[in-house]
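For what it's worth, the working numbering labels the leading residue of the sequence shown as 86, then goes sequentially.
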Amino acid sequence: MIKILTSRLVLFIFTTCLIVTLPACKKSTDDVKSKTVYLTQGNWKQTKYETKTNNGPWTDQTGTPLPCEIDNYIKFLTNGTYEANEGALKCNPGDPQILDAGTWSFLTNETQLSVTSTGSTPDIADINQLDNNTLIVTSSYVFGTSTYYDRQTFSH
């Protein structure tokens, strides 16, 4: 009799713990944002620019931006448009506030970002990372027998 009670008690405790802890393990749909939400949730400022040729190493080309460049940003809007903005400080007071504008879209199951400046052909980049705080994209082009790569990192 005691053995049956002990088995039932252990089963009851195990079941109760399972019922209490399983909902805590379930990922909320609020925790998983779409790539569109990540891309459009704020202004993106470039924090790093790297290049490489063929299979060579990445070389940081970021340099030291001028104070008037640090506040420049890109804003992707949910309607599929974007703006590259000069920010509050301008290097040249006569420069336009909006440096560039156009459309954007995801390609290839949201693994690529296509950005088309008004009146231009699309620039397509592979998305290496896109989350709450970071956007990293890589693009490439072939010239002669070499492939050149650009990798840009943006943050909020």
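Glycine is no exception: its CB is placed at the ideal position from the N, C-alpha and C atoms.
Of the listed residues the options, nearest to residue i (C-alpha basis)
i      : options                           : result
PRO152 : LEU174, TYR226 and THR206         : LEU174
THR247 : THR232, GLN214 and ASP208         : No information on residue 247 is available, as it lies outside the stretch 86 to 241 that the chain covers here.
THR163 : THR147, SER190 and ILE183         : SER190
LEU184 : LEU198, ALA169, GLN197 and PRO142 : ALA169
Start-to-end residues for the alpha helix (DSSP H) that takes in residue i
i      : result
THR125 : 120-125
GLU171 : That residue, GLU171, is in no alpha helix (DSSP H); it is neither H nor E in DSSP.
CYS153 : 152-155
For residue i, the first and last residue of its enclosing beta strand (DSSP E)
i      : result
GLU195 : Counting along the chain, GLU195 falls outside any beta strand (DSSP E), and DSSP gives it neither H nor E.
Residues that DSSP places opposite residue i in a beta bridge
i      : result
SER190 : SER199
THR182 : Note on residue identity: the sequence assigns Gln, not Thr, to residue 182. Paired residue(s): none; GLN182 is not in a bridge.
TRP129 : ILE159
GLN214 : ILE221
Residue i - DSSP class collapsed to helix/strand/coil
i      : result
THR238 : strand
THR138 : strand
SER231 : strand
THR206 : coil
THR144 : strand
Supposed contact pair residue j and residue i - C-beta distance, whole angstroms, cut 8 Å
i      : j      : result
ASN157 : LYS133 : No, ASN157 and LYS133 are not in contact; Cβ-Cβ is about 14 Å, not under 8 Å.
Residue-level contact to chain B via CB, residue i, 9 Å cutoff
i      : result
ASP216 : The chain inventory of the structure shown lacks chain B, comprising one protein chain alone.
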